[in-house]
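**Student:**
Protein chains: 2
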Amino acid sequence: MTLAVTARAAAADEREFRDRIDRYRLAHEAAIVRALDELTRFRSVAADPSGVAAAADFLAAALRTRGFEVRLLSAGAHTPPLVYGELHASHARRTVMFYAHYDGQPVTPSQWSSDPFIPVMRSAAVNGAHEIDWQHAQPPFDPEWRLYGRAASDDKATIAAFLAAFDALRALHRPPSVNIKVAWEGEEEAGSPHLAQILDENQRLLGSDVWLIGDGPVHQSGRPMIYFGARGVLGLRLTIYGPVKALHDGHYGNWVPNPAAMAATLIAQMRNQDGVVTIPDFNDAVRALTSAEREAIRDLPPIDDQLKREFGIAQAEGSETWASSIMRPALNVRGIRSGMTGEEAANAIPVDAEVSIDFRLVPDQTTDELRRCVEQFLRNRGWTLLDAPPDMAARLADARLALLEWEPGYPALRSDMSSPVASAIIRTARRAAAGPVALLPMMGGSVPLYLFAQRFGVPVIGLPIVNHDNNQHAANENLRLQNLWDGIDVYAAMMALLDW
Amino acid sequence: MTLAVTARAAAADEREFRDRIDRYRLAHEAAIVRALDELTRFRSVAADPSGVAAAADFLAAALRTRGFEVRLLSAGAHTPPLVYGELHASHARRTVMFYAHYDGQPVTPSQWSSDPFIPVMRSAAVNGAHEIDWQHAQPPFDPEWRLYGRAASDDKATIAAFLAAFDALRALHRPPSVNIKVAWEGEEEAGSPHLAQILDENQRLLGSDVWLIGDGPVHQSGRPMIYFGARGVLGLRLTIYGPVKALHDGHYGNWVPNPAAMAATLIAQMRNQDGVVTIPDFNDAVRALTSAEREAIRDLPPIDDQLKREFGIAQAEGSETWASSIMRPALNVRGIRSGMTGEEAANAIPVDAEVSIDFRLVPDQTTDELRRCVEQFLRNRGWTLLDAPPDMAARLADARLALLEWEPGYPALRSDMSSPVASAIIRTARRAAAGPVALLPMMGGSVPLYLFAQRFGVPVIGLPIVNHDNNQHAANENLRLQNLWDGIDVYAAMMALLDW
Numbered sequence: 004m005t006l007a008v009t010a011r012a013a014a015a016d017e018r019e020f021r022d023r024i025d026r027y028r029l030a031h032e033a034a035i036v037r038a039l040d041e042l043t044r045f046r047s048v049a050a051d052p053s054g055v056a057a058a059a060d061f062l063a064a065a066l067r068t069r070g071f072e073v074r075l076l077s078a079g080a081h082t083p084p085l086v087y088g089e090l091h092a093s094h095a096r097r098t099v100m101f102y103a104h105y106d107g108q109p110v111t112p113s114q115w116s117s118d119p120f121i122p123v124m125r126s127a128a129v130n131g132a133h134e135i136d137w138q139h140a141q142p143p144f145d146p147e148w149r150l151y152g153r154a155a156s157d158d159k160a161t162i163a164a165f166l167a168a169f170d171a172l173r174a175l176h177r178p179p180s181v182n183i184k185v186a187w188e189g190e191e192e193a194g195s196p197h198l199a200q201i202l203d204e205n206q207r208l209l210g211s212d213v214w215l216i217g218d219g220p221v222h223q224s225g226r227p228m229i230y231f232g233a234r235g236v237l238g239l240r241l242t243i244y245g246p247v248k249a250l251h252d253g254h255y256g257n258w259v260p261n262p263a264a265m266a267a268t269l270i271a272q273m274r275n276q277d278g279v280v281t282i283p284d285f286n287d288a289v290r291a292l293t294s295a296e297r298e299a300i301r302d303l304p305p306i307d308d309q310l311k312r313e314f315g316i317a318q319a320e321g322s323e324t325w326a327s328s329i330m331r332p333a334l335n336v337r338g339i340r341s342g343m344t345g346e347e348a349a350n351a352i353p354v355d356a357e358v359s360i361d362f363r364l365v366p367d368q369t370t371d372e373l374r375r376c377v378e379q380f381l382r383n384r385g386w387t388l389l390d391a392p393p394d395m396a397a398r399l400a401d402a403r404l405a406l407l408e409w410e411p412g413y414p415a416l417r418s419d420m421s422s423p424v425a426s427a428i429i430r431t432a433r434r435a436a437a438g439p440v441a442l443l444p445m446m447g448g449s450v451p452l453y454l455f456a457q458r459f460g461v462p463v464i465g466l467p468i469v470n471h472d473n474n475q476h477a478a479n480e481n482l483r484l485q486n487l488w489d490g491i492d493v494y495a496a497m498m499a500l501l502d503w
Numbered sequence: 004m005t006l007a008v009t010a011r012a013a014a015a016d017e018r019e020f021r022d023r024i025d026r027y028r029l030a031h032e033a034a035i036v037r038a039l040d041e042l043t044r045f046r047s048v049a050a051d052p053s054g055v056a057a058a059a060d061f062l063a064a065a066l067r068t069r070g071f072e073v074r075l076l077s078a079g080a081h082t083p084p085l086v087y088g089e090l091h092a093s094h095a096r097r098t099v100m101f102y103a104h105y106d107g108q109p110v111t112p113s114q115w116s117s118d119p120f121i122p123v124m125r126s127a128a129v130n131g132a133h134e135i136d137w138q139h140a141q142p143p144f145d146p147e148w149r150l151y152g153r154a155a156s157d158d159k160a161t162i163a164a165f166l167a168a169f170d171a172l173r174a175l176h177r178p179p180s181v182n183i184k185v186a187w188e189g190e191e192e193a194g195s196p197h198l199a200q201i202l203d204e205n206q207r208l209l210g211s212d213v214w215l216i217g218d219g220p221v222h223q224s225g226r227p228m229i230y231f232g233a234r235g236v237l238g239l240r241l242t243i244y245g246p247v248k249a250l251h252d253g254h255y256g257n258w259v260p261n262p263a264a265m266a267a268t269l270i271a272q273m274r275n276q277d278g279v280v281t282i283p284d285f286n287d288a289v290r291a292l293t294s295a296e297r298e299a300i301r302d303l304p305p306i307d308d309q310l311k312r313e314f315g316i317a318q319a320e321g322s323e324t325w326a327s328s329i330m331r332p333a334l335n336v337r338g339i340r341s342g343m344t345g346e347e348a349a350n351a352i353p354v355d356a357e358v359s360i361d362f363r364l365v366p367d368q369t370t371d372e373l374r375r376c377v378e379q380f381l382r383n384r385g386w387t388l389l390d391a392p393p394d395m396a397a398r399l400a401d402a403r404l405a406l407l408e409w410e411p412g413y414p415a416l417r418s419d420m421s422s423p424v425a426s427a428i429i430r431t432a433r434r435a436a437a438g439p440v441a442l443l444p445m446m447g448g449s450v451p452l453y454l455f456a457q458r459f460g461v462p463v464i465g466l467p468i469v470n471h472d473n474n475q476h477a478a479n480e481n482l483r484l485q486n487l488w489d490g491i492d493v494y495a496a497m498m499a500l501l502d503w
């Protein structure tokens, strides 16, 4: 055969592969959605340890049924287990670790249009959508339908796609091209406090040639996406103290320090109006982008105008594109609360102000160094840092009192976009999609990629599948069905076509 | 008689007068406290119009019983009435109007140690105090006891003192030295939205030679106080808009504008860390203090260190004394709310931020001019001002959207401290107290003094009686009994000794 004939044959084989996966999916849409629905019903959020444990048992059984060797790896009796599974393929040279998390963000049910843990199918995004009785609908389903529920997309959709893709390959008698390992984490949304320990204690078991991370959304253009890193994260709760009791702001306003105003000033000092963190030394460790990374960003489909229309914003915070912005570190104000507003507002100086912040880190910032910068900045501005609420003596000794509660956090990672495995994955993803794939050097959101990279010394590459407009981390989280279908295609390809 | 003999005789008469009032009070302590307790039980707050109406009827009856001609003056069927009463004294040359308000600030019952409308007597300030069954206690009561309840001090204590003083004079057959008028307002804590109309419609009825205002606390040193004005007030609710839905702050933080950070920046731009309002033109109309006013401030007993200890603050906001600080205009942040804090915080960019502000005005600032300054400042900073929440078109058209909701407000007033009536009142108060009286050119808190001054062209002078540490406008408002007793002394003197 000539090279051209080989290429044509390979292309035909790939089309055939994709068609067969799609036919399998078409014949099993109801069962696949039912599996995701079932998984979403588990209350696997940090506030509900028994819900997390039940989900882990369910997933372990799902893997065992499919012939995986399974273990629940945990850091202690009452910590959420990591569901580990492995399946050896004959003749495979490489081992791929498929990572996702099965826990979800906390919920504020009053903000949801329906119960976060009783999935509801809707015809489109929640406003103006109608509910669909999909259990009695005739497949094929409208691919624009969305399943609403906490973690339905982040990351339970990835897990559902993986299992459906595996089932499709088995039904088609298509052997895996790689050894398959699975690591499904149960406390990613809580900051992965025990993941390092679990990885350390199971380093041999968890060895592979690449970690493939199923967390995060695809590109906002709808194009399939691969990402090569993610920003790190570090949360901080800051409480600023005013007078020991609320005081009439007519009699004492201008003289008694106002903690709401102090908190506002502090935020404005830490971050300018372009979203640039202005804390001294904060940006010192920021690693410059490589030319390949800059090129990848340039090649991304333009989506800024679309996002602005979707989010209802006239302008971005700074002058950069979305993709360039998220290559920088961020200081996000997640919340601020002091005194009362609206009808309940009284003419009083509040007793304190609470500010909830998360920092997003980029390589090579470390959480320790960032904490040091923030604390040094506060001390230089005259703040006394507390680790417990002040007593009267502390209040009388120092004028600016701030209680700092740091949350667990972790650094960022950017993997090399040009390594052999990265190239193989890009190639395979393009085949599965039969089209272009967006390449993002680093996600804006955080997943603890550095933990895998640090310990295993292998590339860590992201292969998300869910829609970007999924209300991730907010109320009315949802998964668009077409993204689940595309996810099955790409995960099937990674299990049956990937090699390098 | 020589002058010295006359003076001695007058002094003896004054001592005798005070002693007789005190003896009356000692014999009637339980009944006087019971009257205040009864008055405090009326839920006369803006949120409860029927509670306000019931309190007005009760007060009207209390005046009628004492021989007053009484009218309820209101601006319409469903607005809180002003309770008006008058009593002519034979041979009196002057008419004194006694003003107070019988409505209270809104309550947040969860913040109170007991029901705001079921008064409780405690041995001292609320922490560490024990409850006292005063109804079964043997008078005389401990003068350090405090009665807890909304409006128990602000201003129902003034009303109770006035009525008890009047009863004492009648029991002692002491005729009034002035014609007495009473104006007890029912919506002062709501910003007195109808007071101007009521005054306009009853201008002849309400004529007098001086308005004596029973609102506010005495000096923090405990010394009796007269004030000659009060800062004005203007409330503003500001809502700042972010994205139309909450967005993952990892994926979009740094690019999607964060309304909490925008609100913080805005506050920091409007007000510096010394509490000085930095809005351009805002301070242009501020009238300088006269030398008499500066002298009065210098002569006040020093109380700053005492206040700091009481409030648990190490430093004041600026470098001035408390009394000097409140001669300046203020921008108070009453509350701020955006996103979630604490355990409920999610990694999301909030959809909006609410800021509740009140401005405290000084002469000759006007509310119109102040509104203009604030709005011009916002426009100059690129804000688009809204009077309703933005629709999608408005969101896409302008980057900085702020909904402004101005509350009703009014300007400040400072009366001449050297007028004949001011001198007579100072003299009479010193006699009632048998000691020095603190003279404050202007209270920090707001009462609508300007309304009286503007219409009636007579001095408006404040004669407060309640303890400064009364938790006014906050939870656990309370009245210290000794302040009620002192209030009876001074109000009796104003009714029976005042003349000029």
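Protein sequence lines, in the order shown, are assigned to chains A and B. In case it helps, the working numbering puts the first sequence at residues 4 to 503. In case it helps, the working numbering puts the second sequence at residues 4 to 503. No residue lacks a Cβ here, since even glycine has one placed at the ideal position from N, Cα and C.
For the segment 462-475 of chain B, list every residue whose C-beta sits within 8 Å of some C-beta in chain A, in sequence order.
**Tutor:** 471, 474, 475
**Student:** Chain B beta carbons: is any one of them nearer than 8 Å to that of residue 357/A?
**Tutor:** On the first sequence, residue 357/A is found 354 positions in, with the first residue counted as 1. Cβ-Cβ to chain B under 8 Å: yes for residue 357/A.
**Student:** Give the single residue among 348/B, 354/B, 204/B whose Cα lies nearest to the Cα of residue 192/A.
**Tutor:** Here residue 192/A refers to the residue found at position 189 of the first sequence. Ranked by how close their Cα comes to the Cα of residue 192/A, the residues 348/B, 354/B, 204/B have 348/B in first place.
**Student:** Going by the CB atoms, is the gap between residue 440/B and residue 270/B shorter than 8 Å?
**Tutor:** Reading the second sequence from its first residue, position 267 is the one you call residue 270/B. Reading the second sequence from its first residue, position 437 is the one you call residue 440/B. No, they are not a contact pair.
**Student:** Which residue wins for smallest C-alpha separation from residue 1/B, given the options 413/B, 432/B, 151/B?
**Tutor:** Nothing in the structure corresponds to residue 1/B, since chain B is present only between 4 and 503.
**Student:** What does the Cβ neighbour count give for residue 208/B, buried or exposed, with the cut at 16 atoms within 10 Å?
**Tutor:** Taking the first residue of the second sequence as 1, we reach residue 208/B at position 205. Classification of residue 208/B: exposed, given that the 10 Å Cβ count is below 16.
**Student:** Below 8 Å, how does it come out for the segment 257-272 of chain B and the segment 255-268 of chain A: are there three or more Cβ pairs, yes or no?
**Tutor:** As far as the Cβ criterion goes, the segment 257-272 of chain B touches the segment 255-268 of chain A, which means the pair count is three or higher.
**Student:** Listing by chain order, which chain A residues have their CB less than 8 Å from the CB of residue 100/B?
**Tutor:** On the second sequence, position 97 is the one that residue 100/B refers to. Within chain A, no residue comes near residue 100/B; the closest Cβ sits about 23 Å away, beyond 8 Å.
**Student:** Of all the residues that make up the segment 308-324 of chain A, which are near chain B by a beta-carbon distance shorter than 9 Å?
**Tutor:** 310, 311, 312, 313, 314, 315, 316, 317, 318, 319, 320, 321, 323, 324
**Student:** Kindly indicate which three-state DSSP category residue 245/B falls into: helix, strand or coil?
**Tutor:** Here residue 245/B corresponds to residue number 242 of the second sequence, with the count starting at 1. Note: residue 245/B maps to coil in three-state DSSP.
**Student:** With residue 335/B as the anchor, note down where its beta strand (DSSP E) starts and where it stops.
**Tutor:** The count along the second sequence starts at 1 and reaches residue 335/B at position 332. Segment 333-342, the beta strand (DSSP E) holding residue 335/B.
**Student:** Is the distance from the Cβ of residue 152/A to the Cβ of residue 112/A below 8 Å?
**Tutor:** Numbered from its first residue, the first sequence carries residue 152/A at position 149. Numbered from its first residue, the first sequence carries residue 112/A at position 109. No, the pair does not count as a contact, with Cβ atoms beyond the cut-off.
**Student:** Following the continuous alpha helix (DSSP H) through residue 312/B, name the residue where it begins and the one where it ends.
**Tutor:** Stepping through the second sequence from its first residue, residue 312/B is reached at position 309. From DSSP, the alpha helix (DSSP H) with residue 312/B extends over 307-314.
**Student:** When you compare only the Cα positions, how much space is there between residue 225/B and residue 310/B?
**Tutor:** If you number the second sequence from 1, residue 225/B lands on position 222. If you number the second sequence from 1, residue 310/B lands on position 307. Using only the alpha carbons, I get a separation of about 12 Å.
**Student:** DSSP on residue 210/B, reduced to helix/strand/coil?
**Tutor:** Position 207 of the second sequence holds residue 210/B. In this structure, residue 210/B counts as coil in the three-state DSSP scheme.
**Student:** Name the chain A residues whose beta carbon is nearer than 7 Å to that of residue 118/B?
**Tutor:** If you number the second sequence from 1, residue 118/B lands on position 115. Going along chain A, no residue has its Cβ under 7 Å from residue 118/B, so there is no contact; the nearest lies around 18 Å.
**Student:** From residue 435/B to residue 497/B, what distance separates their C-alpha atoms?
**Tutor:** Within the second sequence, residue 435/B is the residue found at index 432, counting from 1. Within the second sequence, residue 497/B is the residue found at index 494, counting from 1. One C-alpha to the other measures close to 9 Å.
**Student:** State yes or no: is the C-beta of residue 163/B within less than 8 Å of the C-beta of residue 39/B?
**Tutor:** Within the second sequence, the letter at position 160 stands for residue 163/B. Within the second sequence, the letter at position 36 stands for residue 39/B. When the beta-carbon positions are compared, residue 163/B and residue 39/B come within less than 8 Å of each other.
**Student:** What is the DSSP secondary structure of residue 356/B, reduced to helix, strand or coil?
**Tutor:** Along the second sequence, one-based indexing puts residue 356/B at 353. Residue 356/B falls in the strand class under three-state DSSP.
**Student:** Confirm, please, whether the CB-CB distance from residue 102/A to residue 47/A is below 8 Å.
**Tutor:** The residue you call residue 47/A lines up with position 44 of the first sequence. The residue you call residue 102/A lines up with position 99 of the first sequence. Taking 8 Å as the Cβ cut-off, residue 47/A and residue 102/A do not qualify as a contacting pair.
**Student:** Report the residue from 331/A, 357/A, 335/A, 220/A whose alpha carbon sits nearest the alpha carbon of residue 343/A.
**Tutor:** Against the first sequence, residue 343/A aligns to sequence position 340. Of the listed residues, the one whose Cα sits closest to residue 343/A is 357/A.
**Student:** Would you mind telling me which residues of chain B sit closer than 7 Å to residue 395/A, beta carbon to beta carbon, in chain order?
**Tutor:** Locating residue 395/A in the first sequence gives position 392, counting from the first residue. The contacting residues are 315.
**Student:** Bridge partners for residue 413/A per DSSP, in chain order?
**Tutor:** The residue labelled residue 413/A in the question sits at position 410 within the first sequence. Bridge partners of residue 413/A: 236/A.
**Student:** On the CB-based measure, 16 or more other CB atoms within 10 Å of its CB, does residue 368/A come out buried or exposed?
**Tutor:** On the first sequence, residue 368/A is found 365 positions in, with the first residue counted as 1. It counts as buried.
**Student:** Tell me, please, whether the CB atom of residue 495/A is closer than 8 Å to any CB atom in chain B?
**Tutor:** Indexing the first sequence from 1 puts residue 495/A at position 492. No, residue 495/A does not count as interfacial toward chain B.
**Student:** Pick out whichever of 494/B, 44/B, 69/B, 68/B has its Cα sitting closest to the Cα of residue 57/B.
**Tutor:** The residue labelled residue 57/B in the question sits at position 54 within the second sequence. Out of 494/B, 44/B, 69/B, 68/B, 44/B has the C-alpha closest to the C-alpha of residue 57/B.
**Student:** By Cβ distance, which residues of its chain are closer than 7 Å to residue 249/B, with the 5 residues on each side in sequence left out?
**Tutor:** Counted from its first residue, the second sequence places residue 249/B at position 246. The residues are 351, 352, 353, 354.
**Student:** For residue 407/B, which of 377/B, 485/B, 421/B, 256/B has the nearest alpha-carbon?
**Tutor:** Stepping through the second sequence from its first residue, residue 407/B is reached at position 404. Comparing Cα positions, the closest option is 377/B.
**Student:** Is the Cβ of residue 250/B closer than 8 Å to any Cβ of chain A?
**Tutor:** As a position in the second sequence, residue 250/B is number 247, starting the count at 1. Cβ-Cβ to chain A under 8 Å: yes for residue 250/B.
**Student:** What distance in whole Å lies between the Cβ atoms of residue 236/B and residue 449/B, which are believed to be in contact at a cut-off of 8 Å?
**Tutor:** By 1-based counting over the second sequence, the position of residue 449/B is 446. By 1-based counting over the second sequence, the position of residue 236/B is 233. Correct: roughly 4 Å between the Cβ atoms.
**Student:** Is the beta carbon of residue 11/A within less than 7 Å of some heavy atom of the ligand GDP?
**Tutor:** Ligands displayed in this structure: none; no statement on the ligand GDP is therefore possible.
**Student:** How long is the line joining the alpha carbons of residue 388/A and residue 254/A, rounded to whole angstroms?
**Tutor:** For the purposes of this step, residue 388/A is taken as the residue at position 385 of the first sequence. For the purposes of this step, residue 254/A is taken as the residue at position 251 of the first sequence. Computed Cα separation, rounded: 29 Å.
**Student:** Establish whether the CB of residue 268/B and some CB of chain A are separated by less than 8 Å.
**Tutor:** To locate residue 268/B, count along the second sequence from 1; it is residue 265. Interface residue, yes.
**Student:** For the beta strand (DSSP E) that residue 257/B lies in, which residues bound it at each end?
**Tutor:** Working through the second sequence from its first residue, we reach residue 257/B at position 254. Careful: residue 257/B lies outside any beta strand (DSSP E) and carries neither H nor E.
**Student:** Any Cβ of chain A within less than 8 Å of the Cβ of residue 329/B?
**Tutor:** Locating residue 329/B in the second sequence gives position 326, where the first residue counts as 1. Yes, because at least one Cβ of chain A sits closer than 8 Å to the Cβ of residue 329/B.
**Student:** Tell me, please, which residues DSSP counts as bridged to residue 185/B.
**Tutor:** For the purposes of this step, residue 185/B is taken as the residue at position 182 of the second sequence. Note: residue 185/B sits in a beta bridge opposite 88/B, 101/B.
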